[in-house]
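When we follow the numbering used here, the leftmost residue of the sequence shown carries the number 10, and every step to the right adds one.
Glycine is no exception: its CB is placed at the ideal position from the N, C-alpha and C atoms.
Just so you know, these numbers come straight off a predicted model, no measurement behind them.
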Amino acid sequence: MTTPALLPLSGWRPPPLNLGASAFPHHRATLRLSEKFILLLILSAFITLCFGAFFFLPDSSKHKRFDLGLEDVLIPHVDTSKGGKNLGGFLIHGQGHDEHRHREEEERLRNKIRADHEKALEEAKEKLKKSRDEIQAEIQTEKNKVVQELKKKDSKPLPPVPLPNLIGINSGEPADPDIREKRNKVKEMMKHAWDNYRQYGWGHNELKPIARKGHSTNIFGNSQMGATIVDALDTLYIMGLHDEFREGQEWIDKNLDFSVNSEVSVFEVNIRFIGGLLAAYYLSGQEVFKIKAVQLAGKLLPAFNTPTGIPWAMVNLKSGVGRNWGWASAGSSILAEFGTLHMEFVHLSYLTGDPVYYNKVMHIRKLLQKMDRPNGLYPNYLNPRTGRWGQHHTSVGGLGDSFYEYLLKAWLMSDKMDTEARKMYDDAIEAIEKHLIRKSNGGLTFIGEWKNGHLERKMGHLTCFAGGMFALGADGSRDDKAGHYLQLGAEIAHTCHESYDRTTLKLGPEAFKFDGGVEAVAVRQNEKYYILRPEVIETYWYMWRFTHDPKYRQWGWEATQAIDKYCRVSGGFSGVKDVYSSSPTYDDVQQSFFLAETLKYLYLLFSNDDLLPLDNWVFNTEAHPLPVLHLANTTLSGNPAYR
Numbered sequence: 010m011t012t013p014a015l016l017p018l019s020g021w022r023p024p025p026l027n028l029g030a031s032a033f034p035h036h037r038a039t040l041r042l043s044e045k046f047i048l049l050l051i052l053s054a055f056i057t058l059c060f061g062a063f064f065f066l067p068d069s070s071k072h073k074r075f076d077l078g079l080e081d082v083l084i085p086h087v088d089t090s091k092g093g094k095n096l097g098g099f100l101i102h103g104q105g106h107d108e109h110r111h112r113e114e115e116e117r118l119r120n121k122i123r124a125d126h127e128k129a130l131e132e133a134k135e136k137l138k139k140s141r142d143e144i145q146a147e148i149q150t151e152k153n154k155v156v157q158e159l160k161k162k163d164s165k166p167l168p169p170v171p172l173p174n175l176i177g178i179n180s181g182e183p184a185d186p187d188i189r190e191k192r193n194k195v196k197e198m199m200k201h202a203w204d205n206y207r208q209y210g211w212g213h214n215e216l217k218p219i220a221r222k223g224h225s226t227n228i229f230g231n232s233q234m235g236a237t238i239v240d241a242l243d244t245l246y247i248m249g250l251h252d253e254f255r256e257g258q259e260w261i262d263k264n265l266d267f268s269v270n271s272e273v274s275v276f277e278v279n280i281r282f283i284g285g286l287l288a289a290y291y292l293s294g295q296e297v298f299k300i301k302a303v304q305l306a307g308k309l310l311p312a313f314n315t316p317t318g319i320p321w322a323m324v325n326l327k328s329g330v331g332r333n334w335g336w337a338s339a340g341s342s343i344l345a346e347f348g349t350l351h352m353e354f355v356h357l358s359y360l361t362g363d364p365v366y367y368n369k370v371m372h373i374r375k376l377l378q379k380m381d382r383p384n385g386l387y388p389n390y391l392n393p394r395t396g397r398w399g400q401h402h403t404s405v406g407g408l409g410d411s412f413y414e415y416l417l418k419a420w421l422m423s424d425k426m427d428t429e430a431r432k433m434y435d436d437a438i439e440a441i442e443k444h445l446i447r448k449s450n451g452g453l454t455f456i457g458e459w460k461n462g463h464l465e466r467k468m469g470h471l472t473c474f475a476g477g478m479f480a481l482g483a484d485g486s487r488d489d490k491a492g493h494y495l496q497l498g499a500e501i502a503h504t505c506h507e508s509y510d511r512t513t514l515k516l517g518p519e520a521f522k523f524d525g526g527v528e529a530v531a532v533r534q535n536e537k538y539y540i541l542r543p544e545v546i547e548t549y550w551y552m553w554r555f556t557h558d559p560k561y562r563q564w565g566w567e568a569t570q571a572i573d574k575y576c577r578v579s580g581g582f583s584g585v586k587d588v589y590s591s592s593p594t595y596d597d598v599q600q601s602f603f604l605a606e607t608l609k610y611l612y613l614l615f616s617n618d619d620l621l622p623l624d625n626w627v628f629n630t631e632a633h634p635l636p637v638l639h640l641a642n643t644t645l646s647g648n649p650a651y652r
């Protein structure tokens with residue numbers, strides 16, 4: 010896939026990379042570890058032999074070199090009563106006595122070197138007698154020891170931090186038996202997705218439910234990092250699936266390793282892994298999640314080593330080398346990627362007491378504040394070398410979406426103290442409403458995309474999250490416009506529901522047009538797929554929380570039934586390639602965000618409001634709940650943004 014609109018991930022997701030052998034040609038010349046081991050062993054034995062032979066020769070001038078003229082050494086005077094002659098504050102030891110002592114010392118050293126030499130030769134002989142498999146097994150054992158030592162080093166205890174007031178993590182049971190039945194159905198779907206991943210894809214990043222094997226994409230590099238496990242943890246916890254939660258915790262404790270030679274997406278790893286681990290920590294109190302989150306965050310920091318401090322899109326977890334996507338405008342970083350770090354990084358500084366994470370994201374904010382914005386809009390591309398915008402393309406969908414979301418949520422997460430973030434959000438939304446939001450001929454409110462001075466009348470599934478964002482940000486709006494933004498959220502929710510309702514499967518396409526007589530319908534074949542995305546359901550849930558209009562639960566139940574009917578297979582859940590076809594083909598991918606977001610938002614939609622109340626929790630863009638940090642609890646109160 011090469012176009013952003015086609016990418017199968019929540020928030021903005023980048024296209025595949027070629028990470029085959031050709032991407033790393035210098036590795037071809039690298040010797041195998043076992044061969045290097047044997048060569049080093051033989052070399053060390055040879056050096057030991059040569060060095061030892063030096064001492065095994067008969068007495069000669071070499072011995073005099075070794076003695077370094079100690080028979081004439083001057084040492085400070087301490088005591089003149091032991092056979093020495095006082096000479097100007099120094100004493101010269103009697104040479105006869107010292108020569109005897111030196112010979113004994115030399116003999117002792119020779120014997121030790123001889124013994125070490127013989128031992129090394131014996132070890133080398135024994136090694137060379139062993140088979141290749143035995144040598145490789147020994148090497149692996151030594152590597153495992155080193156890894157365990159590094160883990161112990163990295164697992165040093167973090168400073169104790171008072172947990173925020175955590176409310177509503179074990180509640181939400183609805184009294185209405187019909188709603189309770191729907192909630193239980195969502196829980197059963199989660200169990201089906203998890204159990205099949207557990208059976209067929211355990212430890213892999215995602216699942217191919219039809220082929221019944223593991224699956225991964227380039228955003229996770231070439232490593233099995235268990236993305237589905239980390240992404241699903243908090244959903245399992247709030248659903249009361251505690252046995253499954255403990256399975257995931259055990260895997261993370263024993264297997265989640267970030268010291269791998271793997272190039273990953275900074276954005277994706279932040280929202281899925283760091284966000285997921287932090288949420289699991291806050292919900293369960295288990296320290297392993299906090300420790301792993303901090304370890305991973307340290308691996309992402311080298312991505313910020315750019316001339317501007319705007320991070321690279323990708324970083325190698327082992328080498329720390331970063332780079333950007335080859336297709337992004339003139340080597341630019343992407344707004345929705347470098348602008349979607351704030352929530353997680355503020356929590357990292359809170360939990361560790363280390364301001365480095367907070368400073369990184371605040372530096373990005375300060376840089377953006379200084380820049381000119383065409384028509385008040387933020388372009389999607391920014392060059393991390395020059396600090397200049399790339400092409401003037403603005404979107405509230407892919408490439409831009411979660412940047413605006415995180416401005417609002419930075420304010421909410423700070424207990425509404427970060428007024429700087431709120432102002433940036435309000436300014437951006439005013440420009441978006443002026444230039445991007447329009448009403449179709451049929452009366453549907455939609456959000457288009459601004460491309461080089463022209464409005465494209467197309468809306469992506471990803472953009473549908475904005476309905477919930479407008480509702481979430483209504484309270485606290487400028488000029489008493491809370492009612493206006495709540496209504497705007499409702500109109501976006503209605504438009505996105507229409508995009509679902511106008512398909513055969515009652516599931517929404519990836520993108521839909523508003524041209525001529527075509528409204529809320531996908532035109533291109535490559536925009537007709539549904540990959541278990543959450544954004545429409547996310548907006549239903551926020552609108553339900555703020556209005557309690559029963560239509561949002563009804564719309565959510567329609568989506569639940571459609572997913573269960575058309576996406577469920579015996580091995581889990583799969584996306585479909587054409588929502589307008591009565592017999593669609595599957596894409597055979599169970600996305601990790603289906604468990605993290607789609608099923609979580611559905612479960613919350615059919616739960617009472619006392620489960621994860623929005624006054625106490627803020628959801629990151631991967632639906633991982635993080636607690637509001639009240640000013641009295643934070644280590645950040647010295648920053649002007651939090652005053």
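Using the Cβ count rule (16 or more neighbours within 10 Å means buried), how would you classify residue 146?
exposed
Beta-carbon contacts of residue 277 that lie in its chain and below 6 Å, excluding the five residues immediately before and after
228
Member of 559, 573 and 575 whose CA lies at the smallest distance from the CA of residue 187
559
Among 173, 499 and 133, the one whose alpha carbon lies nearest that of residue 423:
173
Backbone CA spacing between residue 601 and residue 122 [nearest angstrom]
Rounded to the nearest whole angstrom, the C-alpha separation of residue 601 and residue 122 is 59 Å.
In angstroms, rounded to a whole number, what distance separates the CA positions of residue 382 and residue 418?
22 Å
Outcome for residue 139 when other beta-carbon atoms lying within 10 angstroms are tallied against a minimum of 16
exposed
So which of 233, 430, 421 and 205 has the shortest CA-CA distance to residue 214?
Checked all of 233, 430, 421 and 205; the closest Cα to residue 214 is 233.
Check whether residue 270 and residue 325 have beta carbons under 8 Å apart
With contacts defined as CB atoms closer than 8 Å, residue 270 and residue 325 qualify as a contacting pair.
Which residue's Cα is closest to the Cα of residue 339: 394, 200 and 428?
394
Beta-carbon within less than 6 Å of residue 406's beta-carbon, same chain only, minus the 5 sequence neighbours each way: which residues are those?
469, 471 and 472
Check residue 120 in the structure and name its three-state DSSP category.
helix
Distance between residue 634 and residue 323 (C-alpha atoms, nearest Å)
25 Å
Kindly indicate which three-state DSSP category residue 487 falls into: helix, strand or coil?
helix
Compute the distance between the beta-carbons of residue 463 and residue 384, then report whether it is under 8 Å.
In terms of Cβ geometry, residue 463 and residue 384 do not form a close pair [threshold 8 Å].
Once you ignore the five residues that flank residue 416 on each side, which residues in its own chain have a CB closer than 7 Å to its CB?
Take residue 416, set aside five residues on each side of it, and the residues of its chain with a beta-carbon closer than 7 Å to its own are 430, 433, 434 and 437, in chain order.
Just confirm the distance between the C-beta atoms of residue 476 and residue 502, as a whole number of angstroms; I'd bet it's less than 8 Å.
4 Å
Indicate whether the contact test is met: 3 or more Cβ pairs, each with one atom in the stretch 166–182 and one in the stretch 537–553, closer than 8 Å.
no
Scan the stretch 407–453 and note each continuous alpha helix (DSSP H) run of 4 residues or more that stays entirely inside, going in chain order.
Every unbroken stretch of the alpha helix (DSSP H) spanning 4 or more residues and falling wholly within the stretch 407–453 is given here in chain order: 410–422 and 428–444.
Tell me whether residue 530 sits in a helix, a strand or coil according to DSSP, three-state version.
Collapsing the DSSP output to three states places residue 530 in a strand.
With a threshold of 7 Å on Cβ separation, who are the neighbours of residue 611 within its own chain once the five nearest residues in sequence on each side are excluded?
195, 546, 565 and 569
Start-to-end residues for the beta strand (DSSP E) that takes in residue 627
626–628
Is residue 312 buried or exposed, if buried means 16 or more other CB atoms sit within 10 Å of its CB?
buried
Alpha carbon to alpha carbon, how far is residue 378 from residue 9? Give it in angstroms, no decimals.
Because residue 9 is not part of the residues shown, which for the chain are 10 to 652, the question remains open.
Does the structure place the stretch 326–345 close enough to the stretch 287–299 that three or more beta carbon pairs sit under 8 Å?
no
Just to confirm the assignment, what range does the beta strand (DSSP E) spanning residue 174 have?
No beta strand (DSSP E) contains residue 174, which DSSP labels as neither H nor E.
Is the stretch 306–321 close to the stretch 246–258, with three or more CB pairs under 8 Å?
no
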